[in-house]
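What follows is a single structure, written as structure tokens, with notes after it.
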Amino acid sequence: MAPALSLLDLAPISAGQTARDSFAASVELARAAERSGYRRVWYAEHHNMPTIASSATSVVIGYVAAHTETIRLGAGGIMLPNHSPLVIAEQFGTLATLYPGRIDLGLGRAPGSDQNTMLALRRDNASADSFPEDVLELQGYLTGHSRVPGVQAVPRAGEVVPLYILGSSLFGANLAAQLGLPYAFASHFAPDALHTAVAVYREKFRPSAQLAEPYVIAGMNVFAADDRAAAEQQKTVAYRARTRSMLTRGARGANFTDAEIDAFLASPNGASLAAMTRYTATGTADEVADQLRAFATSVGADELILAHHAAELADRVHSIELTGKALGL
Numbered sequence: 001m002a003p004a005l006s007l008l009d010l011a012p013i014s015a016g017q018t019a020r021d022s023f024a025a026s027v028e029l030a031r032a033a034e035r036s037g038y039r040r041v042w043y044a045e046h047h048n049m050p051t052i053a054s055s056a057t058s059v060v061i062g063y064v065a066a067h068t069e070t071i072r073l074g075a076g077g078i079m080l081p082n083h084s085p086l087v088i089a090e091q092f093g094t095l096a097t098l099y100p101g102r103i104d105l106g107l108g109r110a111p112g113s114d115q116n117t118m119l120a121l122r123r124d125n126a127s128a129d130s131f132p133e134d135v136l137e138l139q140g141y142l143t144g145h146s147r148v149p150g151v152q153a154v155p156r157a158g159e160v161v162p163l164y165i166l167g168s169s170l171f172g173a174n175l176a177a178q179l180g181l182p183y184a185f186a187s188h189f190a191p192d193a194l195h196t197a198v199a200v201y202r203e204k205f206r207p208s209a210q211l212a213e214p215y216v217i218a219g220m221n222v223f224a225a226d227d228r229a230a231a232e233q234q235k236t237v238a239y240r241a242r243t244r245s246m247l248t249r250g251a252r253g254a255n256f257t258d259a260e261i262d263a264f265l266a267s268p269n270g271a272s273l274a275a276m277t278r279y280t281a282t283g284t285a286d287e288v289a290d291q292l293r294a295f296a297t298s299v300g301a302d303e304l305i306l307a308h309h310a311a312e313l314a315d316r317v318h319s320i321e322l323t324g325k326a327l328g329l
């Protein structure tokens, strides 16, 4: 049986385009996922990154929700130490009131930024230490059982917004298990601890009001095209661009040739960067479907978060559609 599929959309701002172009593309991607049978779309909180437009994550979710019909939309994730739990409860209570039955809230504890940006967000190095307590405070607001006397989140939707714990280490696995929440592992860019973290989560899981049994979500990169050569070319172009961005921290003026990028990725210094995308499905629709099924089976994943990374919007849309059809969604 095929796992459920979600789409990860980082709202990338391509060279020569604007953030407004990125948001229009996000609508097209969500509509493609909706008609292709995906369960939800996730948007990630990043800051001070010139090539990513999803910093105001809840606003992006609201915009895409207004331009789609049925697909669930969620934060994958909100970096909770950057925010007051009350403010996030208000934002997602508002979203769930406007778009009932369609809003999810994934939570992470990383800053989603560099050190200077972290300080600009009014966050210090100790902010992450209170992440478990912040999750419980947020959960209290969303369920109508506030842990802060006399304080409620308004508006609070008629339904309880589902929470998800996102992570790439054993910390998130342990916390999700302890709280009885679904656990999403960022294996699309941090693959090393995937299987260990999932095993810990399943072993230590405690049922909760939200979830009776463990629910595992794992991330994977996808390049699906009409033929394998096209998919491989899309992967090469996308991962070169990714490497450039990471080496230059998104600076537009810096430039490396394709040969220099390829040489770096083949070098010992570039090996760790290349290994970050170890879990990538590439090829025709049927080839990608086989790779996704094998990956889901190896992890025991109930759901896969897919990052379709082709540089051109039309290719990303086509990759989404091919994958959904091949998996019979």
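Residues 1 to 329, numbered by UniProt numbering, are exactly what the sequence shown covers, in order.
We put the beta carbon where it would ideally sit given N, CA and C, even for glycine.
### Message
Just verifying my parser: in three-state terms, what is the DSSP assignment at Ala2?
### Response
Working through the sequence shown from its first residue, we reach residue 2 at position 2. Here Ala2 sits in coil by DSSP.
### Query
Secondary structure at Met276, three-state DSSP: helix, strand or coil?
Locating residue 276 in the sequence shown gives position 276, counting from the first residue. Coil, per DSSP.
### Query
Would Gly253 be called buried (16 or more neighbouring beta carbons within 10 Å of its own) or exposed?
The residue labelled residue 253 in the question sits at position 253 within the sequence shown. Residue confidence is low: Gly253 scores 44 on pLDDT, short of 50, so the model does not pin down where it sits. No coordinate-derived value is stated.
### Task
Answer yes or no: do Tyr164 and Leu107 have a C-beta to C-beta separation smaller than 8 Å?
On the sequence shown, position 164 is the one that residue 164 refers to. On the sequence shown, position 107 is the one that residue 107 refers to. Yes, the pair counts as a contact, with Cβ atoms nearer than the cut-off.
### Message
Short of 6 Å in beta carbon distance, which residues of its chain neighbour Glu137, apart from the five on each side in sequence? Order them along the chain.
### Response
Along the sequence shown, one-based indexing puts residue 137 at 137. Here the set comprises Pro85, Arg147.
### Task
Name the one or two DSSP bridge partners that Val60 has.
Locating residue 60 in the sequence shown gives position 60, where the first residue counts as 1. Val60 pairs with nothing; no bridge assigned.
### Query
Bridge partners of Tyr215, per DSSP?
Translated into the one-based positions of the sequence shown, residue 215 becomes position 215. In the DSSP output, where bridge partners are listed per residue, Tyr215 has none listed.
#### Entry: First through last residue of the alpha helix (DSSP H) which encompasses Phe92
Along the sequence shown, read from residue 1 onward, the residue named residue 92 stands at position 92. That run of the alpha helix (DSSP H) goes 85-98.
### Task
For the segment 140-224, list the alpha helix (DSSP H) runs that are entirely contained and at least 4 residues long, ordered along the chain.
170-179, 194-204
### Same chain only: Cβ atoms within 6 Å of Leu313, ignoring 5 sequence neighbours per side
For the purposes of this step, residue 313 is identified with residue 313 of the sequence shown, where counting begins at 1. These residues qualify, in order along the chain: Ala25.
### Query
Between which two residues does the alpha helix (DSSP H) containing Met246 stretch?
Numbered from 1 along the sequence shown, position 246 holds the residue referred to as residue 246. 228-248 is the span of the alpha helix (DSSP H), which, as asked, contains Met246.
### Task
For Ala89, collect the residues of the same chain with a Cβ closer than 8 Å to its Cβ; drop the 5 residues on either side in sequence, then sort them by chain order.
Along the sequence shown, one-based indexing puts residue 89 at 89. Closer than 8 Å at the Cβ level, and outside the excluded window around Ala89, lie Leu138, Tyr141, Leu142, Ala153, Arg156.
### Query
Do Leu105 and Ala75 have their CB atoms nearer than 8 Å?
Counting from 1 along the sequence shown, the entry for residue 105 is found at position 105. Counting from 1 along the sequence shown, the entry for residue 75 is found at position 75. It is a contact, given that the beta carbons lie within the stated cut-off.
### Message
Taking only three categories from DSSP, how would you classify Gln12?
### Response
One-based indexing of the sequence shown puts residue 12 at position 12. First, the residue type needs correcting, since residue 12 is Pro and not Gln in the sequence shown. Correct three-state label for Pro12: strand.
### Query
CB-CB under 8 Å to Glu159, same chain, minus the five flanking residues each way: which ones, in chain order?
Counting from 1 along the sequence shown, the entry for residue 159 is found at position 159. Ala96, Pro100, Gly101, listed in sequence order.
### Message
My output table needs one value for Leu29: the three-state DSSP class, helix, strand or coil.
### Response
In the sequence shown, residue 29 corresponds to position 29, counting from 1. Helix.
### Endpoints, the alpha helix (DSSP H) within which Asp258 is located
Residue numbering aside, residue 258 sits at position 258 when the sequence shown is read from its first letter. Start and end: 258-266.
#### Entry: Proximity to Ala15 [Cα-Cα], best of Phe92, Tyr183, Gly300, Thr51
Along the sequence shown, one-based indexing puts residue 15 at 15. Cα-wise, what sits closest to Ala15 is Thr51.
### Task
Note down, in chain order, each residue of its chain lying with its Cβ closer than 6 Å to the Cβ of Ala197, except the 5 sequence neighbours on either side.
As a working mapping, residue 197 is identified with position 197 in the sequence shown. Hits under 6 Å: Leu170, Ala173, Phe185.
#### Entry: Among Lys325, Leu73, Ser55, Ala53, the one whose alpha carbon lies nearest that of Ile61
In the sequence shown, the residue the question calls residue 61 occupies position 61. Answer by Cα proximity: Leu73.
### Own chain partners of Leu322 with C-beta closer than 6 Å, once the 5 adjacent residues on each side are dropped
Taking the first residue of the sequence shown as 1, we reach residue 322 at position 322. Within the same chain, Leu322 has close Cβ partners Ala224, Ala285.
### Query
Is it buried or exposed for Leu10, if we count other Cβ within 10 angstroms and need 16 for buried?
Working through the sequence shown from its first residue, we reach residue 10 at position 10. By the 10 Å Cβ count, Leu10 comes out buried.
### Query
Secondary structure at Ile320, three-state DSSP: helix, strand or coil?
As a working mapping, residue 320 is identified with position 320 in the sequence shown. Helix at Ile320.
### Member of Thr18, Phe23, Phe92, Ile13 whose CA lies at the smallest distance from the CA of Ile103
In the sequence shown, residue 103 corresponds to position 103, counting from 1. When each option's Cα is compared against that of Ile103, the closest is Phe92.
### Enclosing beta strand (DSSP E) for Leu292 [first to last residue]
The residue you call residue 292 lines up with position 292 of the sequence shown. Here Leu292 belongs to no beta strand (DSSP E); instead the alpha helix (DSSP H) covers 285-299.
### Query
Looking at C-alpha atoms only, which residue of Val87, Arg35, Asn48 is the closest neighbour of Thr68?
One-based indexing of the sequence shown puts residue 68 at position 68. The shortest C-alpha separation from Thr68 is found at Arg35.
### Task
Identify which residue in Ala53, Gly37, Leu7 has its Cα closest to the Cα of Thr18.
Here residue 18 refers to the residue found at position 18 of the sequence shown. Measuring from the Cα of Thr18, the nearest candidate turns out to be Ala53.
### Message
Just verifying my parser: in three-state terms, what is the DSSP assignment at Asp104?
### Response
As a first step, residue 104 is located in the sequence shown; it is residue number 104 there, counting from the start. Three-state DSSP puts Asp104 in a strand.
### Message
I believe Arg240 touches Asp258 by the beta-carbon criterion, under 8 Å. Please report the beta-carbon distance rounded to the nearest angstrom.
### Response
Along the sequence shown, one-based indexing puts residue 240 at 240. Along the sequence shown, one-based indexing puts residue 258 at 258. At roughly 6 Å, the Cβ-Cβ gap stays under 8 Å, so Arg240 and Asp258 are in contact.
### Cβ contact (3+ pairs, closer than 8 Å) linking the segment 177-195 and the segment 290-305
yes
### 7 Å Cβ shell around residue 348 - same chain, five flanking residues per side excluded
Examination of residue 348 is not possible in this model, given that the chain is present from 1 through 329 alone.
### Query
Which value, in whole angstroms, describes the spacing of the CA atoms of Ser55 and Arg122?
Looking up residue 55 in the sequence shown gives position 55. Looking up residue 122 in the sequence shown gives position 122. For Ser55 and Arg122, the distance between alpha carbons rounds to 15 Å.
### Query
Going by the beta-carbon positions, is the gap between Arg228 and Pro214 smaller than 8 Å?
Stepping through the sequence shown from its first residue, residue 228 is reached at position 228. Stepping through the sequence shown from its first residue, residue 214 is reached at position 214. Not in contact: Arg228 and Pro214 (Cβ atoms no closer than 8 Å).
### Task
Give every residue of the same chain whose Cβ lies closer than 6 Å to the Cβ of Ala307, excluding the five residues on either side of it in the sequence, and list them in chain order.
Taking the first residue of the sequence shown as 1, we reach residue 307 at position 307. Cβ within range, chain order: Leu8, His188, Asn221.
### Task
Please go through the same chain and pick out, in chain order, the residues whose beta-carbon is closer than 6 Å to the beta-carbon of Val87, but skip the five residues on each side of it.
Numbered from 1 along the sequence shown, position 87 holds the residue referred to as residue 87. For Val87, where only same-chain residues beyond five positions count, there are no Cβ hits under 6 Å.
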